[in-house]
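As structure tokens, the structure follows; a few thoughts come after it.
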């Protein structure tokens, strides 16, 4: 990616060593265009990743990936290795707060609700008078160091939060393997076989080394800041195979996808929706996690290898809504929504493309156009007030294709804030390298008003839950747009149905029938709402520790689910083999939901693939 001059020297030797370790760790095919890896270290201590969650924002060919992962292993220095489709710059990588992940997790998690039948002789209510909440209540850098003897090149190096970042390229997996081992890192058996196709596909490798002295520790365990990475690729997919190298077997993936007016499913595996709208016994309030885990296991037993859709709903609302899950405009920006174009934005036109060297107009525009929406944000206020804006930009490009300097021509001269924004976006540009000389490139961009912005646009959250093992996993996950579905509301059945817009959730219901007198001629039964005046209002609950928490067997569904289930689910429930310990209580109020726990299973490989490279002491 492009780099403007930065302050501070780059310790090349340090990053070369770092890069070698990283490169050997996390190669993923360019076609995968996402992130996965494994842990390695310089000792024999066990290491694994748990409680992983990924959020993907997708618009056109732009993707913003936010990833959270827990590290379980010796509390020395380690690193995360992530395959990426292109060389990233410092501006493409951010650290985030964990709070937003927890809120998204609560929003999309399977939920347990409780309704009371209203007075059949009362004057108010209807068959749909159950509680409802919608709307606001819801929800330092440097260039490459050159290729070393192992065929590994450090393309870029910078720091973000507690992470020291290097971007690597490699000629072959053997070189990466050698480099790691020569520097004292133990690579899991079988790594070379898994890594080879990723290396051969030409992926770059994002390596985030973590200094344990800069990381928050809780009970001696590293708590990593979530990372956000922006990239562009035609293929929308997620490599997951590398994570098995640091897994004890089965892994659960939670993938949250946010996109405009669109839900997603996988293109290369079977898709199923979780059975929803099931009435359950009152006892389930204390065993909801266990019951839901049994239902999930039975669903996978009936559909081996399938990816399960658990939620597909606009972010602007939910029904019913867990408390405090609505995402603000600032939080959407934190997840990278501001980096992606609003689908109804006015057209952007490029004109007057000029170069002083070898590049053709088409090659220049192919580099500039993907960043046009980012440039647009530098003049958003002018577009709103004036009804349009334009930029006349000149870039000085070094022989490596990176932007060394940028100027905006025209009258009046740009203010500091606008110029700083333009510089930030220009760092992402990477022009083709066809000569050993520098050149100047000029481009005019024309912007027209957008019809709406991310803060009020119809963004849809899709939650996909996937469980896989080393023997069952053959391909990485490839995503595709899918038609809207509904389900999980009063009056719906237990299966998803085609719908005009997305409104699907995993909802499970405790019902209390009317126990008072019925003294009218035409009682209206089946009117559900809140508790009687003498009963406190109950909060929603969500399944916790679905991956590694307690789970029931087939008898749990037969005993505690009152809604008739399809025979294929009950018939498969006893054969379901999900991870996790024996049965104990696993429900919690307020929709608290965590993926992961103390079990040895790694529930969250998801897209992040955290490679725990423990480095030698640098003293």
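Numbering (my numbering), first residue to last: 8 to 626. We treat Cβ as the ideally placed atom computed from N, Cα and C, and that holds for glycine. Nothing here was measured: the structure is a model prediction, and the numbers come from that model.
Using a threshold of 8 Å, state whether the C-beta atoms of residue 217 and residue 224 are closer than that.
-> Position 210 of the chain shown, counted from the first residue, corresponds to residue 217. Position 217 of the chain shown, counted from the first residue, corresponds to residue 224. No. Outside cutoff.
Under the three-state reduction of DSSP, which class applies to residue 491: helix, strand or coil?
-> Residue numbering aside, residue 491 sits at position 484 when the chain shown is read from its first letter. It is coil, neither helix nor strand.
Check the DSSP bridge columns for residue 505 and list the partner residues they point to.
-> Walking along the chain shown from the start, residue 505 turns up at place 498. Per DSSP, 492.
For residue 141, which three-state DSSP category applies?
-> For the purposes of this step, residue 141 is taken as the residue at position 134 of the chain shown. Here residue 141 scores only 35 on pLDDT, less than 50, and its place in the model should not be relied on; the value that follows carries that caveat. Three-state result, residue 141: coil.
By DSSP, does residue 473 sit in helix, in strand, or in coil?
-> Here the question's residue 473 lines up with position 466 in the chain shown. In this structure, residue 473 counts as strand in the three-state DSSP scheme.
Pick out whichever of 525, 174 and 398 has its Cα sitting closest to the Cα of residue 627.
-> Missing from the structure shown is residue 627; the chain here goes from 8 to 626 and no further.
Excluding the five sequence neighbours on either side, which residues of its own chain have a C-beta within less than 6 Å of the C-beta of residue 289, listed in chain order?
-> Taking the first residue of the chain shown as 1, we reach residue 289 at position 282. Excluding positions up to five away in sequence, the list reads 517.
Hey, is the region 311-318 in contact with the region 266-279, meaning 3+ C-beta pairs nearer than 8 Å?
-> yes
Roughly how many angstroms separate the alpha carbons of residue 546 and residue 489, rounded to a whole number?
-> Counted from its first residue, the chain shown places residue 546 at position 539. Counted from its first residue, the chain shown places residue 489 at position 482. Going from the Cα of residue 546 to the Cα of residue 489 covers about 32 Å.
Hey, could you find the ends of the alpha helix (DSSP H) residue 299 is sitting in?
-> Taking the chain shown and counting its residues from 1, one reaches residue 299 at position 292. Segment 295-309, the alpha helix (DSSP H) holding residue 299.
Exposed or buried, which one is residue 392 when buried takes at least 16 other CB atoms within 10 Å?
-> On the chain shown, residue 392 is found 385 positions in, with the first residue counted as 1. Per the 10 Å Cβ criterion, exposed.
Is residue 329 closer than 8 Å to residue 210 when the C-beta atoms are compared?
-> Taking the chain shown and counting its residues from 1, one reaches residue 210 at position 203. Taking the chain shown and counting its residues from 1, one reaches residue 329 at position 322. Contact flag unset, no.
Presumed contact (8 Å Cβ cut-off) between residue 453 and residue 497, rounded CB distance | Here residue 453 refers to the residue found at position 446 of the chain shown. Here residue 497 refers to the residue found at position 490 of the chain shown. Contact flag wrong, Cβ pair sits at about 50 Å.
How would you write the range of the beta strand (DSSP E) that residue 401 sits in, first residue to last?
-> Walking along the chain shown from the start, residue 401 turns up at place 394. Taken as a continuous stretch (DSSP letters only), the beta strand (DSSP E) holding residue 401 covers 396-404.
The alpha helix (DSSP H) spanning residue 424 covers which residue range?
-> Locating residue 424 in the chain shown gives position 417, counting from the first residue. Taken as a continuous stretch (DSSP letters only), the alpha helix (DSSP H) holding residue 424 covers 423-433.
According to DSSP, is residue 159 helix, strand or coil?
-> One-based indexing of the chain shown puts residue 159 at position 152. The answer is strand: DSSP assigns residue 159 an E or B state.
Backbone CA spacing between residue 376 and residue 66 [nearest angstrom] = Here residue 376 is taken as the residue at index 369 of the chain shown, counted from 1. Here residue 66 is taken as the residue at index 59 of the chain shown, counted from 1. Approximately 14 Å, taken between the alpha carbons.
Kindly confirm or deny that the region 334-341 and the region 99-116 touch, where touching means at least three C-beta pairs closer than 8 Å.
-> yes
First through last residue of the alpha helix (DSSP H) which encompasses residue 391 | Residue mapping note: residue 391 aligns to position 384 of the chain shown, counting from 1. Start and end: 387-393.
Assumed close pair residue 521, residue 127 - CB separation to whole angstroms, cut-off 8 Å = Here the question's residue 521 lines up with position 514 in the chain shown. Here the question's residue 127 lines up with position 120 in the chain shown. Rounded, the Cβ-Cβ distance is 6 Å, consistent with contact.
Per DSSP, cross-strand counterpart(s) of residue 519 = On the chain shown, position 512 is the one that residue 519 refers to. Paired residues: 123.
Does the pairing of the region 158-172 with the region 94-110 give three or more beta-carbon distances under 8 Å?
-> yes
Run through DSSP, which three-state label would residue 564 get?
-> Against the chain shown, residue 564 aligns to sequence position 557. Residue 564: helix per DSSP, three-state reduction.
Compare the C-alpha of residue 472 against each of 549, 507 and 258 and name the closest.
-> Locating residue 472 in the chain shown gives position 465, where the first residue counts as 1. Cα-wise, what sits closest to residue 472 is 258.
How is residue 220 classed by DSSP in three states: helix, strand or coil?
-> Taking the first residue of the chain shown as position 1, residue 220 is located at position 213. Residue state, collapsed to three classes: helix.
Are the region 98-108 and the region 497-517 touching, with three or more C-beta to C-beta distances below 8 Å?
-> no
Pull up the distance between the alpha-carbon of residue 470 and that of residue 294, whole angstroms please.
-> Working through the chain shown from its first residue, we reach residue 470 at position 463. Working through the chain shown from its first residue, we reach residue 294 at position 287. Distance between the alpha carbons of residue 470 and residue 294: 23 Å.
Would you report the Cα separation of residue 37 and residue 208, rounded to the nearest angstrom?
-> Stepping through the chain shown from its first residue, residue 37 is reached at position 30. Stepping through the chain shown from its first residue, residue 208 is reached at position 201. In this prediction, residue 37 scores a pLDDT of 30, lower than 50, which makes its location untrustworthy; the coordinate-derived value is nonetheless stated afterwards. Distance between the alpha carbons of residue 37 and residue 208 is about 5 Å.
Give every residue of the same chain whose Cβ lies closer than 6 Å to the Cβ of residue 364, excluding the five residues on either side of it in the sequence, and list them in chain order.
-> Taking the first residue of the chain shown as 1, we reach residue 364 at position 357. Result list for residue 364: 446, in chain order.
Cα-Cα separation between residue 285 and residue 233, rounded to whole angstroms = Start at 1 with the first residue of the chain shown, and residue 285 comes out as number 278. Start at 1 with the first residue of the chain shown, and residue 233 comes out as number 226. Roughly 35 Å between the two C-alpha positions.
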